[in-house]
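Note that my numbering gives residue 51 to position 63 of the sequence shown, counting from 1, and the numbers run on in steps of one.
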Amino acid sequence: MIVKPATTASTVQDTTTESPAEAAPTEPKPLDVPLVQRVPGSTQVIEFIAVPGGDGIKPFAVSKTEITWDVYDIFVYRLDLEDRNSDADGITRPSKPYVAMDRGFGHAGYPAISMSAKNAQAFCEWLSTKTGRTYRLPTVAEWSSLCAANALTDERLDALAWHKGNAKRKTHEVGSRAPDALGLFDLFGNAREWCIGADGTPVTMGGSYRDDLDALRCDAIVPATPSWNASDPQFPKSQWWLADAGFVGVRLVCEIDP
C-alpha cells in the first residue's frame, strides 16, 4: 500500500484535473501543479511530488513511483481511443510486443519494463499531447538530485529497495518498499529508470532487482548495450522493445513553469 507523505511547503496541490484550463484559478506559485494526473481515456492516475530544484536545476515534479503496466498499456494498446485500430490522433506509438514483456513477474501494479528509450520518450510525448502539459524523462542531474536528498546508509537503502539480495530475481509491485526522504518509491532498485544525459544520450539510473545493494548509488549511470536486445528474433531488431532488458523501466518528470 502506498503511504501518502505529509504535506510540506514543497508539496503541490492535490487535484485530478486533466488540463490546465480546467484547474481552479489561483495565484501562480513556483510549485503549483497538479499532484495527480488522470490518464486520458482511463480511470488511472499518476501521482507526482514537487521538487524545488537548486544548483542550476529548475523546480520540477516527479512521479512517486515507476510507471506501471496499468498506465503503460493504455499507450501501447491504444486504450484511450474509441477505434483502437485508428491512427486518428497522429501519435506515434510502439509496435505491440511480440512476447510478454512483463517476463511473468507481475502486471497490474508492477513497473512497466523492457521498453527502449525511444519507446519511453514516445510515451512521454503521448501523455504530453493528451494532457497539454510537458512530461519527459528525468535528466541525469535531476535524478541525481533526487538521489542526493536521501541519506543512503546500507540499512536505509535495504528498506527502500528491491535488490539482488531480497528481490528473488524479479520486479515487485511499485510502492511495496518504504518511501524515501522525498516520499518517492522505488527510486533505487526494482527497475532501472531511463534518464537523459547532458549530451542528450539516454542512460539508465537507480539500479534494479538484479543489482547488489552497493551498486544502487547516485552515480551509477548505465547506458544501453546491444546485449539488452540480443535475443530479439526480428530483423532488424525492434526499436521499441528490449528482449533482454526486463530490468529497465521509466519514471516521469512534469515540467513546472516558473
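Backbone N, C-alpha and C define an ideal beta-carbon position, used for all residues, glycine too.
From a predicted model like this one, the values you see are computed outputs, not experimental measurements.
Are the beta-carbon atoms belonging to I37 and Q25 less than 9 Å from one another? No, the pair does not count as a contact, with Cβ atoms beyond the cut-off.
Is there at least one Cβ from chain B nearer than 9 Å to T213's Cβ? Here there is only one protein chain, and chain B is not present.
Cutoff 6 Å; reference A9; Cβ partners in own chain excluding five residues on either side: In this prediction, A9 has a pLDDT of 41, which is less than 50 and means its spatial position is unreliable; what the coordinates show is noted afterwards. So no residue of the chain qualifies.
Could you tell me if T80 is buried or exposed, where buried requires 16 or more neighbouring beta carbons within 10 angstroms of its beta carbon? Classification for T80: exposed.
Applying the 10 Å Cβ sphere with the 16-neighbour rule, what's the burial state of G153? Counting Cβ neighbours within 10 Å, G153 comes out exposed, since fewer than 16 surround it.
Buried or exposed (CB count within 10 angstroms, at least 16 for buried), R157: With fewer than 16 Cβ atoms within 10 Å of its Cβ, R157 is classed as exposed.
Between which two residues does the beta strand (DSSP E) carrying A38 extend? Where A38 is concerned, the enclosing beta strand (DSSP E) stretches over V33 to V39.
What residue range does the alpha helix (DSSP H) around C112 cover? Per DSSP, the unbroken alpha helix (DSSP H) holding C112 starts and ends at A105 to T119.
Taking the beta strand (DSSP E) that V50 falls in, what are its first and last residues? V50 -> beta strand (DSSP E) spans F48 to S51.
Please say whether W216 and A203 have beta carbons closer to each other than 9 Å? It is not a contact, given that the beta carbons lie outside the stated cut-off.
Return the Cβ separation of T53 and G163 in integer angstroms, given the expectation that the two are a contact with Cβ distance under 8 Å. That belief holds up - the Cβ atoms of T53 and G163 are roughly 5 Å apart, short of 8 Å.
Specify, as a first and last residue, the run of the beta strand (DSSP E) that E243 falls within. Where E243 is concerned, the enclosing beta strand (DSSP E) stretches over V241 to E243.
Per DSSP, what kind of secondary structure is V236 in: helix, strand or coil? Residue state for V236 is assigned as strand, using DSSP reduced to three classes.
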